[in-house]
Every structure is written in structure tokens, then in C-alpha cells.
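S.K.: One structure, pasted below without further comment.
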Amino acid sequence: MQGIVFSLLSLTFLFTCISTQGFDVTFHLMEDQPNNTLIGSLEEETGLSKKINESLANLKFNLKKKEEPIISLFRLAESSQLFTNQVIDRENVKVCQYKIQCVFDFDVVVTSSASSYFGSIRVHVNVTDVNDHSPTFDPNLFQLNLPESTTANKSVYRVEPAQDLDKGGNNSVQSYQFIQVVPVPSISMDFRMEEIISSSEGLSRNIFTNVSLDYERQKSYVYHILARDGGNPQKTGTFTLEINVIDENDNSPIFVKSRANVTIGENTSINTPFYVFHASDKDSGNNGKIEFRFKKFQEQYQEIASLFSIENDTGTVRVIGNLKYEHGKVYHIVVEAIDKGDIPRYATAQLDVTVKDSGNNAPKININFLSSDLGNNTVSVSEEAILEQAIAVINVEDTDTGPNGEVTCRTYNTFFGLQSLNDGYKVIVQHYLDRETQSTHTIRITCADKGTPVLESVEQFTVNVLDANDNPPKFSEFYYNAKVDENNNRGKQIIQVQATDKDIGENGQISYFIDPPTDNRFSIGHDTGIVTANVDFDREQSVHITFTVRATDHGTPPQNTTANIWLDIEDVNDNPPNFLKANFVFSVNENLPENSFVGAVQAVDKDEGKNGEFIFAISEDYANKSAIPFTVSSSGEIKTYQPLDRELLNRYDFQVIAVDKGNPSLKGSAHVTVNINDKNDNAPIFIFPSTDNHTIIIPNTTPLESIIASIQAYDLDEDSNGYGNGKVLFYIDGGNEGDVFYLNHDTGSLHYRKPVGVAEDYTFHLKIRARDNGNEALEARRDLDIIVKYMNATAGPLHNQDDSDKNILIVVIVVCVTIVVSVALIAVICMLRRKNEDKMKEDGPPFLASRSPTSTLYDRPPAYQNVTQGDKSRPRVSFSKENDTFTKQQLMEKMTGHANGRIESGKYMSHSQQNPKSHTEESPSETSGETIPSDSGHGGSEEDFTSHNHNNNIDKRLPLQPTFLKNGVFVMQEAHSNQTNTLPNERRLNSVSSNMPVSKYMDDSLLTSSINSLWSDNNHTINRQNSNNVQKLPTIPAWTGYHTSDRMNDSLLFYSKDTTLGSHSAHSRDDDECTTTSGSYTINDDIDDSFDNRPRDMFV
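What follows is the structure, encoded as C-alpha cells:
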């Protein structure tokens, strides 16, 4: 029982699910099906009865909503079948119009009479389109009136698109076709249809002209535009476009015969017509209507108007007066044909009327044309007609009898003649015709009888020669010459060529082409002959261009001809002058007169004419051209305008420009360098000896080969690596008795070569000559006095043996004590040195430490290794005057002879270009142990000593402090800034004995400096190029170590970096004694070795 209940519940649940389930059914129906056409069965599509397990008879199908247009279009049967309720025309159902898909959606409700089933089915009926409508135009006809002045390629009409009520697939409009109906289609049409796409209007179809319209050529056109759909079978719609060309009065009347001859009898009756003028006008309407009249302003007008008249409309000429025969008289009647346009056009023709005497009957002539008879006594013949081709038959009748009835005919024509027939004549072609030479021929047939008097009749007709394409086009020029500016605008007209063709019609219509067509540099209007450029031209690349154009007619077969165009590229000023070199380098000797030739610059300009002409000048960028002592001519020649002095400036640099004469002008520039060649125009100038300082004092014990002085001179001329005019050589011209002294010609170092055996002081008066190295050498001379000071060595007293023994004991004790003390000192020194070396590794030498006030100013000279502190020959110092001290300025005054410490003025060199020699070049041997140079007596001023450190901001007023070296040489170091220039009295040394003031020289390295020190960074510097002319002096080498023994009174030893030894003094001397005239001093053994009792603030 529980199983049955469960089964019923399951069926009920399944039924409920099915009853609530919806179905979706789609039917397809072709439009235009008959009424009651079965669309489909819902039961068959869904299988609903089986799914819900009910009989179809119990099921009822109804529309869920009865609304339009569903109830009008469809009918649902109880059997679930769906029928059409009417013929469904897709295009007439509003909801389907303009839609590609036409689908009707509605719901069907399904109920059961046997159960509570309720369901719904979603039905979709897709009505598919049938190609039952053709495309249509609205309107389908349009008349378009265009003036004949309408040009080619002009849009004249926009075609409205065709409409097709069918939609979907290919049933809508797919393509358009443009068909010419009138005139008869040919290869080319005068109009075309183009599709144009624009952003505003989208796709549109426009009608364009292919040619310029001509009313006289074609008055109207008819075109069909076919719109085709894509259905099967295909349907089309047609739009008719009628185009009427509106005439304009652009043609003048044309007479059929421009001249005619008529003979009439004098008995001709009044109002008898005897000639008719025929004229035509290609224009239409009033523009083509013609009136005839006699020309008023002609000869015989009054007489002609009294005898003849002309009908305005027909052109018929009548007799209105009584004619009278006059022998040889002919009436020349000029007739005008005038059209009726707004601006009338006219043409003229002439009728020659001859009045003949009347008597018997003249022959009658009848002409029968064999070719195309055009009427008005006109026949047409092809210009290709063969010879003896007959064009007309002449029949002659004369009613008279006898001789009066015998008739002969003649004609006078080059191209046509008469041949006799049995009963008349035939007109034949007797010469080849050429329409281009003569398009019409008037043939005058004269037939005369043999009566007395002879009577004759005249008939004439016109032969129109038909054209054949026997002439090629002919250009108006065989060679065309055109001009165009370079850098032209593309598309601008260059030239218009014109060709003519003697043929007419299609045979004479011409089109123009570039030959060969692959030449893309140019384009030509096919109809106009206007040549345009497609490229930009550059005259500098091509001055002339030759190309070919071709003219082709439209005949069959076509004929063509060519012509050459010579195109001249006109210059435009687009190239500046270009110098041949960017940098021109010239050289010229100094001291040449003004207007001397230096050189010439050259430039080229690719332009021509005025654009290629240019002039040279110095650049306008120089605010002060007077600073450049040169002129540049317009032709590019560079000349001096004042003498040049190489010593003032040895090189000039400036810009030269070249400006062309174009408009606007262009310019180029180049750099010019003029090097001034040196001439030997300056003699050497002595520095030492000078007029104020020319004495050296040396002891006779001076070691041989010692340098006792350095002769110094300079030359302002150029010294090129020791070979120029400024190279100075030194010579001794006299006073060198016994060749005691030797003077180095190159360096100027004066050597003590041979000993002097004297018992007293002896003076040598040397004649020093300085000569430069020029071809014509210049010289300078100075006197140099060398005083050899006699030095006497005194032996000590004799001692007895006991004293000797005591002395030996004392010596042994002293030696032992000395050894012990030395060992202790050495240990202490080693410890101090190690400590000091460790400190120097971290901070560097003390005098280079950042805390040292002079660390950036001086290098410390090295100690001389070959001199020991125990040397007994070390000099002793004493001053000759008590309480006598010197400041540095005072000492410089003594040495130079000037209050300010300066030497004689002159042109000096820049310190930056000095190249001092190494000290080792001329220093004496170190093995002697006596390397102390003796001062020459010529010292530098305070300014000289401090000029080296000018850029280091050293106070020149700071005094120097003496420092003792191992070899016994004194070197003055700068005092601290808190010291003054006044020496304290308690520190002064007492002099030994002298009535003259004595100054103490520690060493000539202290008192001398290089020429750099004397002249760098001051106002005397004139030519820094001549710095190498000054003789180079040995310089103290750089400091190579630091030694604790070099300390003195806690003052460090320093030396100026640029200080040079021996600039104005000897380089070695004996340690005994040395004096100078500029300030004497004495060195002896009476002074203790220590400097403890010497003033720390000694000035030099």
C-alpha cells in the first residue's frame, strides 16, 4: 500500500513539473502563401500529449493574447495546427517593413479537459522574403539642362538611390549600371557615373562630364541607370536621365558659297529672282536664325541697291531695276548673313553679277550628280577618290538649230575636268584631292553655241571633299622652349603645347601624352596640352631638361607626332657661397709695409648670374675691426693696412664672409689664421750683468770648474726650440787673461776654469757679448768685473810632547763620550724618526699638512748627502758693522741697485712658459763636499721672490727665516704672519771690523730666483711667446724626504716651488770668504757651528 501511494505521489510531482514546463517552437513561412496555408503543428513539434500522457483530443490550444496583427495573420486550430489567416505580404505588414528579419512572436496556452494541466508554448513565425519587388527610383525620370559651356570632369547630377521593398539576402539592391541610350553608344561616352564616399553623406552616385559639352556636336543625351537586386530571378529598376545641352551663341553663320558668279540678260524682268544665298548657323533658336542684307559700306552700294534686292529670310536676290549691258562691267555685291543672338555674329559672301547682251537662246545645262547629292548644287567626294572617278554627268540642250545649236562645254579646274560622252559630258577627278589644302571646290561649267553672236550658259556646283585620316597632328613648334624656377611648386603650369590636325571630326581631334609614358617627372592635360611638373627641380643638378610630348588623333588608325621640349631651369638664390676650406692659414713676415699681400681666400657658389656672384669681407661680428690689421678685398685678397709686430701679437684669427648678390643675399664664412713670421728686429737685452750690477767677488780658493755666475739675457724675437732669432749666445770678447774663465755659449754659465796665483785681490774686467741667432745677427755688450779675493790660510802653533799626550788622552775621552752620547742620540733620533714617519704616513710632511700656514706655498729642498755636520770647513759668519741688520727690501735694493728692488726695465716673459733646467745640469761634483754656490751680487727684489706665489695669495711683506742645511747652506723661509719686518735690537749680530755696511748672504740660492720670479704676473709682461728666449737656470729639485736633523729652532725648512738657483750668481764657491760690491759679507771659522745665537727673524 505504501508503494502505491509513493507511486501516485511521484506521478503527481512529474505531472506538475510537465504542466509548468514551457516549450519554444519556431516555424518558417514564405511570404505570399495562399490563405489557410498550414504553417505547422504544435503537437508535432513538441510531442506534448506523450509527454504529459494525455490524449490530444483532451488538449485545447488557445492564443494567450488575442491582439493584432497576430489574430489577423494567423489561425490556431484545436488540433494544434497553425494556419495563415490571409495572404501575408511581407512588404505590406507594417511591423516587417524595412526589416531584414520578419518574425512574429506569440504565446499559446495549452489546457486539458481531462486534468488540471496548464502549459504554454512560445511560438516564433519567421516570414521569409521572396524577391517579388523590383528596385524603384523616385522619380524615375529627370530632365537636366546644361549649358554647352560646361567643362569636362564636372559633377552635374546626384543620383538618388533606388529603393527595394524586399529585404534580406540578395533581394535588396546590389549594383547600378550606367547605360547610354542617346546618342548611339560608342567606345567613349560624354558622361560617366562615379560612386563617391564622404563622411557627411556616405555613399552617393554622381554624374560627371567626360568632355566639354558642345551644342553643335550633340544637343541631347539620354542615359538609363539600372538598379539590380540580387534575387533569383534578378529584378531591375530603371532611372532615365535626359540631358539637354543649352545652346550658346558661339558660332557664326557660314555661307555655302562664299563667292558666286552670275550672268543675267539685260532683258531680265523686274522682280525676277536670279540667285539665292544659302547660309547656316550651328547654333539653335535665335542664335541660329539668319537674316541676309547687303553690306552698306561697300563700293557701288547705291547702284546695287537701285538694281537689286535681297530677301532677309530666304537670301533670294532679285532684279528691281532696269539692267543695261555694259561691256566688261561686273557688279560685286557683298552680302552679310547675321544671326539673332544677343550678341550677333555675322559672315559675308560676294556675288559677282554680269549683265550680258540678249539675242538668241543660250544652251541649257543640266547636272546630274553621281556621288552623294547634298542639295544646293553640292556634292561630296572623298579625298581618297581615285583619278578619273566620275562625280557628275552634264547634259546640255540648245533649242537653236545650225551653228546656234552646236554646243561645246568647258571648265577650268585643276582637280576636276570634263570628258565627252555621246550625249554630254562627265565630270571626273583629274588630280588627287586634299581636303586639308582645299575642302571645297567650285566647278564652273560653261557651255557655248557657235552662233553669231555666241551664246553661252554657265552652271556651277560645289564639291565638298570628305575627310580621311591622312594627316598626323602637327605641333606649332618642332622645339618648345620653356623656363621654370628651381624649387618650383609641383602642379604649376610649365608650358602649353598645341598641335593641329588638318583632318576634321574624329580624325582631327587630338589628345596629348608624355612620351614615353614612364616619364613621371611631368604630366600633361590630354585635352589642353598643359604641361605641369610632378617633381621639384634643382638647377645645380640639372640646368636643362629635355623631354618629349606626343599628340595623337582619334582617327582609325590613329596618327601621332612628337615634339621636344627644352626646359631651362632658372636659378634661384638657394646656395650660399661655399669656401674651399673651412680654415685658411697664411703666414706673413712682420714689419712689412702696409698693403702687403698676405694671401687670398677662395669660395664657390653653385648659383649662376648675380646669385652666383659674391664679394668677400671681414665678418660683421667683430665690433672693433681696427683690432684686425688686415683688409679683405671683394675678390678675397687679404692685405695688411699697417705694419705688423710679431712681438706684440704673433697670430691673428678672424672670420671672413662671402656674400652673394642674390635677393635676398646668402653668405658663407670661413676662419682665417694669419701667423706672423719673426724678423730679427730685436737685439738681446742683458739682465745680468747690468749697468747697476756688474761685479762678482769670489775667493781664490774657489774650486775649479765651479759655476761662479750665470750670464742672463733675453731677446724679444722668436726662439723656436733654440734655433730662432731669439736664441741668445754668449761670448767673452776680452779681459779673460790666461783663459781663467770659461763662458758656456748656450747657457751663459760662467765657469772658474784655471787657478789664479795671486797674493792679493785681483780684478778681471771681462767684455761680455750677447749675440742672437738671426741671419743678420744683432748683439749687445756688457762689462763684468770679477774680483778674485785673496784668502791666506794660517798654521796653528807647535805643541810639546806632553801636550800631545794630554791631547791624545783628551781626544780618547772625548771620542768615548761622543760615542756614548751619539749612541743615545741615535736611539732617540730613531725613535723620533719612527714616530714622525708614522705620523707622516697619516698626514704627510709637516710643512704640507693642512694646518701649516705655508703648506701650499713651498716645497722643501733636499739635504745634501755628502756634507757632514762635523766638517771643520763649515763657514763662520760675522758682520762688519755693529748692530747692523737688513730687511729683505734693503737687501734687494743693495743687490739690484733700485729702491724698489726691480732690475732694469724691458720686455719680459710669462712665468707660465718657462722651462728651467734641472739643477743637475751644471752643478759641480758632489764628491768635493763643497757645493755652496757663491752669490754674484745680483739678487732679486722682494717682488721677485714673491711673484711665484702670487696666485697662492702669499703676503709679500712676510719676512724670511734662515734655515741651516747639512752642507752649511742657509735658506730663508717665510716667517709667520704675526711677525713684523723690524728686527729686534737684542737679536742683531755684531760686525767684526769694517767701515762699510756688510750684509750676510746665507747662500746664493736664497738670494737668486729664476727670471720667472722676476717678471711673471706683473705689468711688464708683453710677449709670452718670448719666454723661452730667457736662459734657463738650474732649479732645486723637489723635496724628497724629511729629516729630523733639518729642524732649527722649531722652524721648518721651506723653499718656493718656482725658485731657481743661480739665476744671477755663481753656482759654487769656497767656504772661506766671499764679498760683493752690492753688499759685502765674510764667512770664516770664528763663528760657532750652531745657529742658536743667530736671529730667527733675519731678513733677506
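Numbering follows this note's numbering, in which position 1043 of the sequence shown is assigned residue number 1043; successive positions increment by one, without gaps. All C-beta atoms in this analysis are idealised placements derived from N, C-alpha and C, irrespective of residue type, glycine included.
Using only CA atoms, which one of S634, K167, S511, Q101 lies nearest to P472?
M.R.: Among S634, K167, S511, Q101, the Cα nearest to that of P472 is on S511.
S.K.: Assign N507 to buried or exposed, taking buried as 16 or more other Cβ atoms, counted over all protein chains shown, within 10 Å of its Cβ.
M.R.: buried
S.K.: I need the boundaries of the beta strand (DSSP E) containing L141, first residue and last residue.
M.R.: 141–147
S.K.: Just to confirm my understanding: we take F764, look at its own chain, exclude 5 residues before and 5 after, and list those with CB closer than 6 Å. What are they?
M.R.: These residues qualify, in order along the chain: G735, I786.
S.K.: What does a CB cutoff of less than 8 Å around G844 pick up in its chain, not counting 5 residues either side in sequence?
M.R.: In this prediction, G844 scores a pLDDT of 49, lower than 50, which makes its location untrustworthy; no coordinate-derived value is stated.
S.K.: With which residues is G40 paired in a DSSP beta bridge?
M.R.: In the DSSP output, where bridge partners are listed per residue, G40 has L82.
S.K.: Where does G427 fall in DSSP's three states?
M.R.: Position check: residue 427 holds Val in this sequence, whereas Gly was assumed. Of the three classes helix, strand and coil, the one that applies to V427 here is strand, per DSSP.
S.K.: Among all the DSSP beta bridges, which residues are the ones paired with L226?
M.R.: Q177, T238
S.K.: Using C-beta distances below 6 Å, list every residue in its chain close to P161, excluding the 5 sequence neighbours before and after it, in chain order.
M.R.: none
S.K.: Tell me which residue opens and which closes the alpha helix (DSSP H) that K661 is part of.
M.R.: Note, K661: premise wrong, no alpha helix (DSSP H); not H, not E.
S.K.: Assign I343 to one of two classes, buried (16 or more other C-beta atoms within 10 Å of its C-beta) or exposed (fewer than that).
M.R.: Result: exposed.
S.K.: Checking 9 Å against the spacing of the C-beta atoms, do N677 and K639 come in under that value?
M.R.: no
S.K.: Are there 16 or more other CB atoms within 10 angstroms of the CB of A77, so buried, or fewer, so exposed?
M.R.: With fewer than 16 Cβ atoms within 10 Å of its Cβ, A77 is classed as exposed.
S.K.: So S155 is in the beta strand (DSSP E); what residue range does that whole segment cover?
M.R.: 155–159
S.K.: For D688, count neighbouring Cβ atoms within 10 angstroms of its own Cβ and tell me buried if that reaches 16, exposed if not.
M.R.: For the sequence presented, residue 688 should be read as Phe rather than Asp. So F688 ends up on the buried side.
S.K.: Assuming V319 contacts I270 (C-beta within less than 8 Å), just tell me the rounded distance between them.
M.R.: 6 Å
S.K.: Alpha carbon to alpha carbon, what distance is there between N376 and I428?
M.R.: 20 Å
S.K.: At the level of alpha carbons, what is the spacing between P183 and D32?
M.R.: C-alpha separation (whole angstroms): 42 Å.
S.K.: Counting Cβ pairs closer than 8 Å, one from the region 513–521 and one from the region 565–574, do we hit at least three?
M.R.: no
S.K.: Measuring CB atoms only, is the region 57–74 touching the region 102–120, in the sense that at least three cross pairs come out at less than 8 Å?
M.R.: yes
S.K.: Output the residue ranges of the beta strand (DSSP E) runs that lie fully inside the region 586–624 and measure 3 residues or longer, sorted by chain position.
M.R.: 597–600, 614–618
S.K.: Please name the residue, chosen from V588, F475, E540, T532, that lies closest to D553 on a Cα-to-Cα basis.
M.R.: Distances from the alpha-carbon of D553 to those of V588, F475, E540, T532 put F475 closest.
S.K.: Any idea what DSSP makes of Q559, helix, strand or coil?
M.R.: coil
S.K.: So for Q389, helix, strand or coil by DSSP?
M.R.: coil
S.K.: By DSSP, does I100 sit in helix, in strand, or in coil?
M.R.: If DSSP states are grouped into helix, strand and coil, I100 belongs with coil.
S.K.: Could you give the residue range of the alpha helix (DSSP H) that holds S49?
M.R.: 48–52
S.K.: Using a Cβ-Cβ cut-off of 7 Å (strictly less than) and excluding sequence neighbours within five positions of A551, which residues of its own chain qualify?
M.R.: P473, F475, A499, I510, Y512, N560, T561
S.K.: DSSP three-state call for K835: helix, strand or coil?
M.R.: helix
S.K.: Out of E436, Q493, D717, state which residue places its alpha-carbon closest to the alpha-carbon of D503.
M.R.: It is E436 whose Cα lies nearest to the Cα of D503.
S.K.: How long is the line joining the alpha carbons of S41 and S80, rounded to whole angstroms?
M.R.: 6 Å
S.K.: In the DSSP assignment, the beta strand (DSSP E) including Y301 goes from what residue to what residue?
M.R.: Not the beta strand (DSSP E): Y301 falls in the alpha helix (DSSP H), residues 301–307.
S.K.: Helix, strand or coil for I638? Go by DSSP, reduced to three states.
M.R.: Three-state result, I638: strand.
S.K.: Report buried or exposed for A777, applying the criterion of at least 16 other Cβ atoms within 10 angstroms of its Cβ.
M.R.: exposed
S.K.: Specify the secondary structure class of L567 as computed by DSSP and reduced to three states.
M.R.: L567: strand per DSSP, three-state reduction.
S.K.: To the nearest whole angstrom, what separates the beta carbons of S634 and I657, a pair I think is in contact under 8 Å?
M.R.: The Cβ separation is near 12 Å, so there is no contact.
S.K.: If you measure from the CB of A162, is any heavy atom of the ligand GTP nearer than 8 Å?
M.R.: Ligands displayed in this structure: none; no statement on the ligand GTP is therefore possible.
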